[in-house]
Amino acid sequence: MRTFLAIGRKTGLRISFKYDLSGVLKAVEFDGQWTDELIERIKAKIPANAMYCISQIKNQSPTSQWIFKEMTDLSFDGFYKKYPNKLGKKAEALKAWNNLTDPSRMDAVLYLEIYIPQKRKEGTNIPYASSYLNGRYWE
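Heads up: the sequence shown begins at 24 in my numbering, then just goes up one per residue.
See below:
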């Protein structure tokens, strides 16, 4: 499965798209304060194949309405390998991970690239993985 995330530049609304290995759409998940009207408006624009998402990633402009990203590993193990503080209880972090939606998991992983260097520069401690996830530090 390939997973892509579209984030509304102005609204912060998120949509995740999952495609099988053939590039055919298998699942769509909306995350954020979506209304029925917004969902109806966006349904006709949902990309039916992965190639559209790939082209959006390659051709993104700073003024585009949506920001597209691809996530290749949404597993807890993938997150935990990247997370530098392994002192907390792994089971608690896994429980917090399982409570997240796929778009939130993507945000949590993507934000690590900003968060970890920021904490090191500040010289402050990086929280346990469960605290990071439960506190939704990426928001």
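Note that CB positions come from ideal geometry on N, CA and C, so glycine has one too.
Residue state for L123 is assigned as coil, using DSSP reduced to three classes.
Rounded to whole angstroms, the gap between the alpha carbons of R37 and A131 is 13 Å. By the beta-carbon neighbour count (other beta carbons within 10 angstroms, threshold 16), M94 is buried.
Of the candidates K49, I30, A119 and G158, the residue whose Cα lies closest to the Cα of F91 is I30.
Burial is judged here by how many other beta carbons sit within 10 angstroms of a residue's own beta carbon; A116 has at least 16 and is buried. D54 sits in a strand when the DSSP states are folded into three classes.
By the CB criterion at 7 Å, S45 and D125 fall outside the cutoff. Approximately 17 Å separates the beta-carbon atoms of L135 and T26; this is outside 8 Å, ruling out the contact.
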